[in-house]
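Numbering (my numbering) for the sequence shown: 309 to 495. The structure appears below as structure tokens.
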Amino acid sequence: MEDLSLHILDIAENSIDAGASRVEIRITVIVTDDRLTLTISDNGKGMDAETIEMVKDPFFSTKPVRKKKFGLGIPLLAQAAEECNGAFLIESHPGRGTVITAAFQNSHIDRKPLGDIGATMAVLIGGHPYMDFLLSCERDGFSYKLDTSELKKELQGVPVNLPDVLKLIKEDINSALKGEIYNSGEA
Ligand SMILES: Nc1ncnc2c1ncn2[C@@H]1O[C@H](COP(=O)(O)OP(=O)(O)OP(=O)(O)O)[C@@H](O)[C@H]1O
Ligand SMILES: [Mg+2]
């Protein structure tokens, strides 16, 4: 996977598969610590301790075997973080939800670019208009937040998955992140 936005999409799809009604995606850069942290949390069905241990194995998946043999979403993100002096953590409780955290040395030469976060959010929101998504990005003094539960109220009944609405969402995110969370040349 070329950029972090594709990892985010993959991990958020796990949350959707787990029956979540809300997925929160947080991107935090702490410049003084040279750290970029991604957190994806959901209120889906969660995992027990035994499953958490197994998911880091690329051969573990609960998807039907005929359709899919390997589960790669989690191992690939864990590997991407570990290759950048980073860390990877799964916290999950059956019936309550899951929090996935991947931390990276921000300046590490192998740290993948963020990619197109706006497009990723538009895909998630457009594909799952009845779910709620939160995107929260912080870097020192900068902060950006988009919460579809608030956006839907502002839209007063206009569907959040209309192409024009999705385009606005994508553009709003990318123009806010440009020069703040994105490094030059990203997205
Ligand atoms: N947020 C989550 N909530 C509940 N279970 C999860 C969650 N994320 C992952 N899992 C469990 O971990 C397994 C492995 O996830 P992973 O993303 O690595 O592979 P996959 O989703 O099965 O396949 P792939 O991502 O390659 O399409 C999933 O099949 C699922 O059982
Ligand atoms: Mg997956």
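Glycine included, every Cβ here is placed at the ideal spot set by N, Cα and C. The structure presented is a predicted model; accordingly, all values stated were derived computationally and were not measured.
So which residues put a beta carbon under 5 Å from any heavy atom of ligand 2, going in chain order? N322 and G381
Item to complete: Tell whether a beta-carbon distance below 7 Å holds between D424 and S323.
Response: no
Practice prompt. Going by DSSP, name the residue or residues bridged to L312.
Written response: L312 is not bridged to any residue.
Below 8 Å on the Cβ atoms is my contact criterion, and I expect I433 with G381 to pass it. Report the Cβ-Cβ distance as a whole number of Å. Incorrect: roughly 19 Å between the Cβ atoms, too far for contact.
- Query: D455 lies in the beta strand (DSSP E); which residues open and close that run?
  - Reply: F450 to D455
| said: Buried or exposed, going by whether 16 or more other CB atoms sit within 10 Å of the CB of Y438? | reply: exposed
Along the chain, where does the beta strand (DSSP E) containing I382 start, and where does it finish? No beta strand (DSSP E) contains I382, which is instead part of the alpha helix (DSSP H) from G381 to E390.
task: Keeping to the same chain, check which residues put their C-beta closer than 7 Å to that of G354; ignore five residues upstream and five downstream.
output: S400, H401, P402, G403, R404, G405 and T406
Check your understanding: Could you give the distance in angstroms between the alpha-carbon of T409 and the alpha-carbon of T336?
Key -> 11 Å
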